[in-house]
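Trainee: All residue numbers for the sequence shown refer to this note's numbering, where the first residue is 290 and numbers rise by one. All C-beta atoms, glycine included, are put in the ideal place defined by N, C-alpha and C. Source: prediction; values computed, not measured.
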Amino acid sequence: MTASTPPPDEPTPQHGHDHAAEHTRREGLLALRNGAKLAASMILTWGVALIVTFKLPKYLGPTLFGHYRFGDQFAMSLAVFLSLGVDTYISREIAVRPKHASEFFGGVLVTRALVILPLVVVAFFVLDGEVHERRIAAMLFGFAYLFTALNQTFQQTLQAASKVDGLAIANVVAKVLWGGGTFAAVTLQAPFWVLPLPMVVGEGLKAAFLYVATKRAVGLELRIDVEQTKKVLRIAFPFYIANVAVSLGSSIDVVVLGKIVSKTSEEVGWYGSARQIAQLSALLSPIMSGVLIPMMSRAKARNEEDFYRILRRGFEAVIVVSLPLTLILALGAEFWIHITIKDKFLPAADSLRWLAPTFVFAYANVLLWLALMILDRSWTITIVSIAGLVLLPILIVLAVPLFASRGSGGAGMGVAIALSSRELIIMLVFLAFLRDKALDRRGLASTLKSLAICAMVATADHYLSRLMSPLPRLALDAALYGVLALALRVIAPSDIKSVLKMVKDRKKPAAT
């Protein structure tokens, strides 16, 4: 009896497997190219961000810098209510149907305009009686974050459509205007109220540029379709609540600390400087979301196992890459502060040391959040995020009095411990929902090995600190970590070769 042969237009099982593998390879190359473009722009903007991160604290001193950071974070906390959840919706939907953007974009802009008024009223009452510098900073940063909210929507649209060339340019130009303007203001010893203005100008011009780029990329038309807008806002509502909870959770720590301690206390400035240094680690978050969401969304639509494979290896990579960076940041806390914002901010060292773990937890949570979103688990994200938002001020109120007795910087250290604890709890809850779909045996082994290496390097650093100055000690710590990671196969040479081969073959024509 002769085995049946599939018809010519029906792929054989092997052909179907090759086709799926080719899809995965193409998606990987596209993600790699877009990631490289965004990473290049981010590296350029890092240098600009360093100006604001390190120059401003030295110029203003702990007290005025505390007012600056309070105003910045207060404005950011209110601006999160402008998102409406549509940015997350855009990341998921525009990746597969770009023309859909014109059906709701205009309506979203009108809705945001209506949301601004109650936010202004809230700001007026909360800031009533506050220090003058805090009110000025909050008002000016408020204008900047209006543009930032709009730019985030443009950015998500461009990334979902895999059209990131204009975005990379806009990121650089906006950051250069912001950093260059701030540097000029500091150099010319401008008054306090001038310092937020470069950000307002930079984000405003970026909005104009990204509008043109988005219009070209997806054929964006600003028309108002009430029914489509209502439909999108209804679908995006769980994302909205979750985004508000997550964003508030990343900004209210400075605001809560400012309300707990006295208005002129240096504690806010010390903690704010440590927070700003730690936040440099978050500059790659837009690359993660902008590259992984389209890639994972298309993988999920094509083959669920491909999606979970990307998730598992992505989670492993986040842990393996971020843990050594976190360790070096924590072990060298005093050194990093000394060489960047000078010794008058050394009380921030304990805060920076305890903020370092958020580098690991935050990136892991971004990845797990994206996975749950693509799996249509939006209410899971929402509930966990709200719980995390409620938990943070509770942990802060408990921790600050406990550690404030340590002296200068103690209150900030309490806030840092509360923030890291909250991020760890959220990561564990997300993992509990995804289980082995996010963390398999290989990923767990890599994580445990990495933690063991951290413990060994930290122990060695304890003894080396008595014998060596900070810079060679930290260099030796990093070298020791690398040797142990290779010896324990946390970093596999075969994985590195695979990535390099993908880069090398990126211009080869795809197999038919």
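When we look at the beta-carbon of Ala-764 and count the other beta-carbons within 10 Å, is it buried (16 or more) or exposed?
Mentor: The residue in question, Ala-764, is exposed, as its Cβ has fewer than 16 Cβ neighbours within 10 Å.
Trainee: Please name the residue, chosen from Ala-767, Lys-548, Asp-542, Asn-592, that lies closest to Gln-568 on a Cα-to-Cα basis.
Mentor: Measuring from the Cα of Gln-568, the nearest candidate turns out to be Asp-542.
Trainee: At 3 residues or longer, and completely inside the stretch 459–521: list those beta strand (DSSP E) runs for me, N to C.
Mentor: Segments of the beta strand (DSSP E) lying fully in the stretch 459–521: there are none.
Trainee: Going by CA-CA distance only, name the one from Trp-643, Ala-525, Glu-623, Pro-480 that's closest to Leu-635.
Mentor: Of Trp-643, Ala-525, Glu-623, Pro-480, the residue nearest in Cα terms is Glu-623.
Trainee: Determine the DSSP secondary structure at Met-365, reduced to helix, strand or coil.
Mentor: Met-365: helix per DSSP, three-state reduction.
Trainee: Could you tell me the alpha carbon to alpha carbon distance between Ala-502 and Leu-509, rounded to whole angstroms?
Mentor: About 9 Å.
Trainee: Find the nearest neighbour of Gln-444 within the set Leu-408, Leu-494, Pro-487, Ile-379, judged by alpha-carbon distance.
Mentor: Gln-444 has its Cα closest to that of Ile-379, out of Leu-408, Leu-494, Pro-487, Ile-379.
Trainee: According to the neighbour-count rule (16 or more other Cβ atoms, all chains shown, within 10 Å of its Cβ), is Lys-696 buried or exposed?
Mentor: The identity of residue 696 in the sequence shown is Gly, whereas the question assumes Lys. Burial call: exposed.
Trainee: Span of the alpha helix (DSSP H) holding Glu-422?
Mentor: Run containing Glu-422: 421–449, per the alpha helix (DSSP H) assignment.
Trainee: Beta-carbon within less than 7 Å of Glu-382's beta-carbon, same chain only, minus the 5 sequence neighbours each way: which residues are those?
Mentor: Excluding positions up to five away in sequence, the list reads His-389.
Trainee: Which residue from Val-772, Ala-767, Gly-360 puts its Cα closest to that of Gly-558?
Mentor: Measuring from the Cα of Gly-558, the nearest candidate turns out to be Gly-360.
Trainee: Going by DSSP, what residue range makes up the alpha helix (DSSP H) through His-751?
Mentor: Looking at the DSSP string, the run of the alpha helix (DSSP H) that includes His-751 is 730–753.
Trainee: If you draw a straight line from the C-alpha of Ala-768 to the C-alpha of Leu-616, how long is it?
Mentor: Distance between the alpha carbons of Ala-768 and Leu-616 is about 13 Å.
Trainee: To the nearest angstrom, report how far apart Val-521 and Lys-344 are at their CA atoms.
Mentor: Spanning the two alpha carbons is a distance of roughly 43 Å.
Trainee: Going by beta carbon distance, what residues of the same chain come within less than 8 Å of Met-365, once the five residues before and after it are set aside?
Mentor: Excluding positions up to five away in sequence, the list reads Phe-430, Tyr-434, Ser-536, Ser-540.
Trainee: Need the endpoints of the alpha helix (DSSP H) that Val-609 sits in, please.
Mentor: Taken as a continuous stretch (DSSP letters only), the alpha helix (DSSP H) holding Val-609 covers 593–620.
Trainee: Ile-672 by DSSP, collapsed to three states: which one?
Mentor: In this structure, Ile-672 counts as helix in the three-state DSSP scheme.
Trainee: Taking Cβ to Cβ, would you say Arg-731 is nearer than 8 Å to Leu-680?
Mentor: For Arg-731 and Leu-680, no; Cβs fall outside 8 Å.
Trainee: Are the CB atoms of Val-483 and Leu-466 nearer to each other than 8 Å?
Mentor: Result no, Cβ atoms of Val-483 and Leu-466 do not sit closer than 8 Å.
Trainee: Would you mind giving the Cβ-Cβ distance between Leu-373 and Val-397, rounded to the nearest angstrom? I have them listed as a contact below 8 Å.
Mentor: That belief holds up - the Cβ atoms of Leu-373 and Val-397 are roughly 6 Å apart, short of 8 Å.
Trainee: Keeping to the same chain, check which residues put their C-beta closer than 7 Å to that of Val-375; ignore five residues upstream and five downstream.
Mentor: Val-397, Thr-442, Val-521, Ala-525, listed in sequence order.
Trainee: Would the beta-carbon of Trp-643 fall within 8 Å of that of Ile-566?
Mentor: Not a contact, by the Cβ cut-off of 8 Å.
Trainee: Kindly confirm or deny that the stretch 604–612 and the stretch 730–748 touch, where touching means at least three C-beta pairs closer than 8 Å.
Mentor: As far as the Cβ criterion goes, the stretch 604–612 touches the stretch 730–748, which means the pair count is three or higher.
Trainee: Where do the ends of the alpha helix (DSSP H) carrying Pro-407 lie?
Mentor: 394–416 is the span of the alpha helix (DSSP H), which, as asked, contains Pro-407.
Trainee: Assuming Thr-671 and Leu-661 make a contact with CB atoms under 8 Å, what is their CB distance in whole Å?
Mentor: Contact flag wrong, Cβ pair sits at about 10 Å.
Trainee: For Gly-395 versus Glu-556, is the C-beta spacing smaller than 8 Å?
Mentor: In this structure, Glu-556 does not lie closer than 8 Å to Gly-395 by Cβ.
Trainee: For the stretch 644–661 against the stretch 712–720, do three or more pairs of beta-carbon atoms, one drawn from each stretch, fall closer than 8 Å, so that the two count as touching?
Mentor: Result yes; three or more Cβ-Cβ pairs closer than 8 Å.
Trainee: Return the Cβ separation of Asn-532 and Thr-629 in integer angstroms, given the expectation that the two are a contact with Cβ distance under 8 Å.
Mentor: Incorrect: roughly 31 Å between the Cβ atoms, too far for contact.
Trainee: What number of angstroms, rounded off, separates the C-alpha of Val-420 from the C-alpha of Met-428?
Mentor: Cα to Cα, the separation comes out at about 13 Å.
Trainee: At a cut-off of 7 Å, is Gly-621 close to the ligand HEM when judged by its beta-carbon and the heavy atoms of the ligand?
Mentor: The ligand HEM is not part of the structure shown, which contains no ligands of any sort.
Trainee: If you check the beta carbons only, do Asp-750 and Asp-725 fall under 8 Å apart?
Mentor: It is not a contact, given that the beta carbons lie outside the stated cut-off.
Trainee: What are the boundary residues of the alpha helix (DSSP H) that Lys-548 is part of?
Mentor: Note, Lys-548: alpha helix (DSSP H), 541–549.
Trainee: Which residues in the same chain as Leu-740 place their Cβ atom closer than 8 Å to its Cβ, once the five residues preceding and following it in sequence are excluded?
Mentor: Cβ neighbours of Leu-740 beyond the five flanking positions: Leu-612.
Trainee: Ala-645 by DSSP, collapsed to three states: which one?
Mentor: Three-state result, Ala-645: coil.
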